[in-house]
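Chemist: Protein sequences appear in the order of chains A and B. Going by this note's numbering, the letters in the first sequence line up with residues 21 to 397, in that order. Going by this note's numbering, the letters in the second sequence line up with residues 21 to 397, in that order.
Number of protein chains: 2
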Amino acid sequence: MKFELVKTDPASAARVGAVTTAHGVFETPAFMPIGTYGAVKALSPSDLRAAGAHIILSNTYHLSLRPGTDVVRAVGGLHRFMGWPGPILTDSGGYQVFSLAPMRTVTDDGVEFRSHVDGALCFLGPEEAVRIQRELGSDIAMVLDECVPYPVERDIACQAVDRSIQWAARCRAVHASGEGPEALFGIVQGSVHEDLRERCARELVRIGFDGYAIGGLSVGEPAERMLEVAGFTAALLPEERPRYLMGVGTPADIVRAVARGIDMFDCVMPTRNGRNGQAFTSRGVLRLRGARYREDAGPIEAGCPCEACAGFSRAYLRHCVNVNEMLGLRLISLHNVTFYCGLMARMREAIRRGRFGEFAQAFLQRYGADGDETHEE
Amino acid sequence: MKFELVKTDPASAARVGAVTTAHGVFETPAFMPIGTYGAVKALSPSDLRAAGAHIILSNTYHLSLRPGTDVVRAVGGLHRFMGWPGPILTDSGGYQVFSLAPMRTVTDDGVEFRSHVDGALCFLGPEEAVRIQRELGSDIAMVLDECVPYPVERDIACQAVDRSIQWAARCRAVHASGEGPEALFGIVQGSVHEDLRERCARELVRIGFDGYAIGGLSVGEPAERMLEVAGFTAALLPEERPRYLMGVGTPADIVRAVARGIDMFDCVMPTRNGRNGQAFTSRGVLRLRGARYREDAGPIEAGCPCEACAGFSRAYLRHCVNVNEMLGLRLISLHNVTFYCGLMARMREAIRRGRFGEFAQAFLQRYGADGDETHEE
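Laid out in structure tokens, this is it:
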């Protein structure tokens, strides 16, 4: 994996870059739609290409439970399995173990837990996490880290940072031995404590990774605090490596995080909210279930190139959501991913032209103070 | 609407025709995918075009309850509402009233019933049925008929035939006054009684319709009996009008019905069974949930031009069905509609070349005696 810094904004930390992987190039700032079970919900690979996605994220925890990494391997790896020939980033599975799996026991070795699918006893340590991601055929793998909730006692956050650093070093060792996927990213933890973030970042940079993620945010803290910590942490990371803010976020949060030097994002919002009938537009979120759209013959957003806006009215999409027709859920998801990927493309263009500040201000003003109200849902 | 008889098979009643409507031409034998709520489940209009569908069916009963005919009209009619520019046949709503609506009361005037959605009291008579279909903007409307279950007492079947004939005449009168959609089809009832079928067919032909449907079959009677009655009834209908066998059926039933002179079909099987993980192939039905497909890297059917077969393995589709990923349900539905429409195209080609008998024999042999086992599910 190669990261090339193409352009830096003179007035902020925003930047444009290009990441080259064995499965193709993607430009940053980049948004990664999430394919939890080897499919981005409701969308096909050709839908994703049409939406402007160049890299997707897939969840190791889910895939290793169903269908199992052996199946993915037998069919030729994750790219072939899911029909997506472009770059794939996989998470380590840690976040899901800490948020979904019942009866987990964490030791320095790793995490023992029960599958939330069939109750089977499983173990995930740093070595296993890297090996599973290699077996899946991931382009960019993530280290195993210990995730803490928010709010959390400082001691617990501190302990999680210690363990995350140790695990990161062990992941790196497996990767360095040639057993890992193409690239491995470290993950900075430390909750909202700047000294913990600083120590974690310093240690990870000492170990050395192909890129650095900022984890443990967007877990319930206020959006302003999230942006502060993300910006503080991003500034501690090497300029010549991509920076990935995990699990963020709303369009407004993403624009603000790009201004703070973040290059990569993932979030379930475009697809999850799409399935709930919420459509993102440059003027904020449309809640298509609303009676006001009952006879609205217009598209979600005029000028949007997606299949939903080209061929279907708000009235039709509202109807589909109300009667739970898959087509409507797919079309709104497609629109939302198109909106997110289009936003990234517009930011890259603005940075290239040295006008990111203007762009961000205009976007946030138009999007509106209430544009992100879905945040709390 | 114009029906042109293009070619008749010398050795059977099979025939090729072309139906011209204001929204385009479709050739017969034709299969109509069902868009109950203004969407063929899981599929977009461009999916349907790719699958080779040239006409679809939509359900008046469902659409009139949700979103309501006023909404469809306000947005410019059903074609624009659902984004399907080709021909649309609508049913009268009668079948759904008789099968879904609670607390119905049938009189000579029509049917009073409660909406299965919100319990509202509704009335559907022959005049209303034609007017609603006109409001939707249907290309081919169906008369209101009285549907009886199977088995049923002869007296009840006889009474339903009398009432269906009266209602058909009233529908025709509304249509003739210029208030109706482009074309109106009569529906022959009479359960499995040949004398009732004969009387009903004779009376409907006397009234005169643009096409004739055979209703009240595929409601639980044995497949052999269904084919006998369909063939007997088809032979009573004018050669120069299309014949539509409602609600049929499996691929094998369709091939056998074409041999008996049927031109048009509709059935939920390709989409409903697709959502259950059942894929139609020329060698019978694949039940993709089965463990045998766990690591099967092959497509549903080699040589099939659909997106599912071009890009995805049985193992992947099985996985999607098991974790309920919409993409898998869509892909299998797309394959199934492609299979059904492809079968119709192959039959048309065989009839044109004067080789329908050979084709049908080869198809049924290869499809297998158990190929249709989904019939009973």
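Ideal placement from N, C-alpha and C gives every residue a C-beta, glycine not left out.
Out of D111/B, R183/B, A177/B, state which residue places its alpha-carbon closest to the alpha-carbon of R151/B.
Modeler: Here residue 151/B corresponds to residue number 131 of the second sequence, with the count starting at 1. Answer by Cα proximity: D111/B.
Chemist: Which two residues bound the contiguous alpha helix (DSSP H) that contains M331/B?
Modeler: Numbered from its first residue, the second sequence carries residue 331/B at position 311. Residue identity check: residue 331/B is Gly in the sequence provided, not Met. Unbroken alpha helix (DSSP H) run through G331/B: 327-331.
Chemist: By how many angstroms is the C-alpha of V39/A removed from the C-alpha of P262/A?
Modeler: Stepping through the first sequence from its first residue, residue 262/A is reached at position 242. Stepping through the first sequence from its first residue, residue 39/A is reached at position 19. The alpha-carbon atoms of P262/A and V39/A are separated by roughly 8 Å.
Chemist: Counting only the same chain and skipping the five closest in sequence on each side, list residues whose C-beta sits under 7 Å from that of E24/B.
Modeler: Residue mapping note: residue 24/B aligns to position 4 of the second sequence, counting from 1. G37, A38.
Chemist: Counting only beta-carbon separations shorter than 8 Å, does R350/B have a partner in chain A?
Modeler: Translated into the one-based positions of the second sequence, residue 350/B becomes position 330. Chain A, which has a Cβ nearer than 8 Å to the Cβ of R350/B, makes this yes.
Chemist: By Cβ distance, which residues of its chain are closer than 6 Å to D401/B, with the 5 residues on each side in sequence left out?
Modeler: Coverage of chain B is limited to positions 21 through 397, which leaves residue 401/B absent and any answer about it impossible.
Chemist: T342/B versus chain A: which residues are under 8 Å apart at the beta carbon?
Modeler: Start at 1 with the first residue of the second sequence, and residue 342/B comes out as number 322. Before going on, a small fix: residue 342/B reads as Asn here, not Thr. Within 8 Å Cβ-Cβ: R86, P87.
Chemist: Mind pulling the chain A residues with CB within less than 9 Å of E321/B?
Modeler: Position 301 of the second sequence, counted from the first residue, corresponds to residue 321/B. Here the premise fails: no neighbours, minimum Cβ distance about 17 Å.
Chemist: Where does T89/B land, buried or exposed, given buried means 16+ other C-beta within 10 angstroms?
Modeler: Here residue 89/B refers to the residue found at position 69 when the second sequence is read from its first residue. Classification of T89/B: buried, given that the 10 Å Cβ count is 16 or more.
Chemist: Are the Cβ atoms of A380/A and A279/A separated by less than 8 Å?
Modeler: Within the first sequence, numbered from 1, the residue matching residue 380/A stands at position 360. Within the first sequence, numbered from 1, the residue matching residue 279/A stands at position 259. Taking 8 Å as the Cβ cut-off, A380/A and A279/A qualify as a contacting pair.
Chemist: Output yes if chain A places a C-beta closer than 8 Å to the C-beta of L63/B; else output no.
Modeler: Position 43 of the second sequence, counting from 1, holds the residue named residue 63/B. For L63/B, the answer is yes, since a Cβ of chain A falls inside 8 Å of its Cβ.
Chemist: Relative to chain A, which residues along the stretch 289-316 of chain B have a C-beta separation below 7 Å, given in chain order?
Modeler: Flagged, chain order: R314, E315.
Chemist: Taking 8 Å as the CB-CB limit, is E345/B close to chain A?
Modeler: Numbered from its first residue, the second sequence carries residue 345/B at position 325. Yes - at least one Cβ of chain A is within 8 Å of the one on E345/B.
Chemist: What are the uninterrupted segments assigned as alpha helix (DSSP H) that are 4 or more residues long and contained completely in the stretch 329-377 of chain B, given in chain order?
Modeler: Runs found: 334-342, 346-372.
Chemist: Note down, one range per segment and in chain order, each beta strand (DSSP E) of at least 3 residues found wholly within the stretch 173-237 of chain B.
Modeler: Taking only runs of at least 3 residues, the beta strand (DSSP E) segments lying wholly in the stretch 173-237 of chain B are 203-208, 231-234.
Chemist: Could you please tell me which residues of the stretch 148-160 of chain B, in chain order, have their CB closer than 8 Å to any CB of chain A?
Modeler: Cβ contacts with chain A come from no residue of the stretch 148-160 of chain B.
Chemist: In whole angstroms, what separates the C-alpha of P65/A from that of H43/A?
Modeler: Taking the first sequence and counting its residues from 1, the one referred to as residue 65/A is at position 45. Taking the first sequence and counting its residues from 1, the one referred to as residue 43/A is at position 23. The alpha-carbon atoms of P65/A and H43/A are separated by roughly 14 Å.
Chemist: Measuring straight from C-alpha to C-alpha, what distance separates A193/B and Q153/B?
Modeler: Position 173 of the second sequence, counting from 1, holds the residue named residue 193/B. Position 133 of the second sequence, counting from 1, holds the residue named residue 153/B. Straight-line Cα distance between these residues: approximately 15 Å.
Chemist: Less than 8 Å between the CB atoms is what I'm expecting for D273/B and A243/B, so what's the real figure, rounded?
Modeler: Against the second sequence, residue 273/B aligns to sequence position 253. Against the second sequence, residue 243/B aligns to sequence position 223. D273/B to A243/B, Cβ: 6 Å. Contact.
Chemist: Short check: CB of S238/A to CB of Q209/A, under 8 Å?
Modeler: Looking up residue 238/A in the first sequence gives position 218. Looking up residue 209/A in the first sequence gives position 189. No, these two residues do not count as a Cβ contact at 8 Å.
Chemist: Any idea if L141/B is buried or exposed, counting beta-carbon neighbours within 10 angstroms, 16 or more meaning buried?
Modeler: Counting from one through the second sequence, the residue named residue 141/B turns up at place 121. Classification for L141/B: exposed.
Chemist: At which residue ranges does the stretch 258-310 of chain B contain complete beta strand (DSSP E) runs of 3 or more residues, listed in the order of the chain?
Modeler: Within the stretch 258-310 of chain B, the complete beta strand (DSSP E) runs of at least 3 residues are 263-265, 284-286, 298-301, 304-307.
Chemist: Give the residues of chain B in contact with A335/A, contact being defined as C-beta atoms less than 8 Å apart.
Modeler: Looking up residue 335/A in the first sequence gives position 315. Chain B residues near A335/A: P87, V91, A94, V95, F101.
Chemist: In the DSSP assignment, find the unbroken alpha helix (DSSP H) run with E248/B in it and report its ends.
Modeler: Indexing the second sequence from 1 puts residue 248/B at position 228. From DSSP, the alpha helix (DSSP H) with E248/B extends over 243-254.
Chemist: Please name the residues in the stretch 51-62 of chain B whose beta-carbon is closer than 7 Å to at least one beta-carbon of chain A, in chain order.
Modeler: Going along the stretch 51-62 of chain B in chain order, one finds Y57, G58, A59, K61, A62 with a Cβ nearer than 7 Å to chain A.
Chemist: Checking contacts by CB at 8 Å: is H339/B closer than that to chain A?
Modeler: Here residue 339/B corresponds to residue number 319 of the second sequence, with the count starting at 1. With 8 Å as the cut-off, H339/B counts as an interface residue toward chain A.
Chemist: Shorter than 8 Å from the beta carbon of G331/B to some beta carbon of chain A?
Modeler: Position 311 of the second sequence, counting from 1, holds the residue named residue 331/B. For G331/B, the answer is yes, since a Cβ of chain A falls inside 8 Å of its Cβ.
Chemist: Are the CB atoms of T253/A and R217/A within a distance shorter than 8 Å?
Modeler: Residue mapping note: residue 217/A aligns to position 197 of the first sequence, counting from 1. Residue mapping note: residue 253/A aligns to position 233 of the first sequence, counting from 1. Against a cut-off of 8 Å, the Cβ pair of T253/A and R217/A comes out as a contact.
Chemist: Using the Cα positions of C329/A and T301/A, report the straight-line distance between them to the nearest angstrom.
Modeler: On the first sequence, position 309 is the one that residue 329/A refers to. On the first sequence, position 281 is the one that residue 301/A refers to. C-alpha separation (whole angstroms): 11 Å.
Chemist: Output the distance between the C-alpha atoms of G145/A and S135/B, rounded to the nearest integer angstrom.
Modeler: Translated into the one-based positions of the first sequence, residue 145/A becomes position 125. Translated into the one-based positions of the second sequence, residue 135/B becomes position 115. Those two C-alpha atoms are separated by around 56 Å.
Chemist: If we require 4 or more residues per run, which alpha helix (DSSP H) segments fall completely within the stretch 65-92 of chain A?
Modeler: Counting whole runs of 4 or more residues, the stretch 65-92 of chain A contains the alpha helix (DSSP H) stretches 65-71, 80-85.
Chemist: So A71/B and C340/B are supposed to be a Cβ contact under 8 Å. How far apart are they, rounded?
Modeler: Taking the first residue of the second sequence as 1, we reach residue 71/B at position 51. Taking the first residue of the second sequence as 1, we reach residue 340/B at position 320. About 18 Å; that fails the 8 Å criterion.
Chemist: Taking the straight line between their C-alpha atoms, what separation do you get for L256/A and E248/A?
Modeler: Locating residue 256/A in the first sequence gives position 236, where the first residue counts as 1. Locating residue 248/A in the first sequence gives position 228, where the first residue counts as 1. Computed Cα separation, rounded: 13 Å.
Chemist: If you reduce the DSSP assignment to three classes, tell me which class G114/A lands in.
Modeler: For the purposes of this step, residue 114/A is taken as the residue at position 94 of the first sequence. Note: G114/A maps to helix in three-state DSSP.
Chemist: Hey, out of Y336/B, M346/B, G294/B, whose CA is closest to V357/B's CA?
Modeler: Position 337 of the second sequence holds residue 357/B. Nearest option by C-alpha distance: G294/B.
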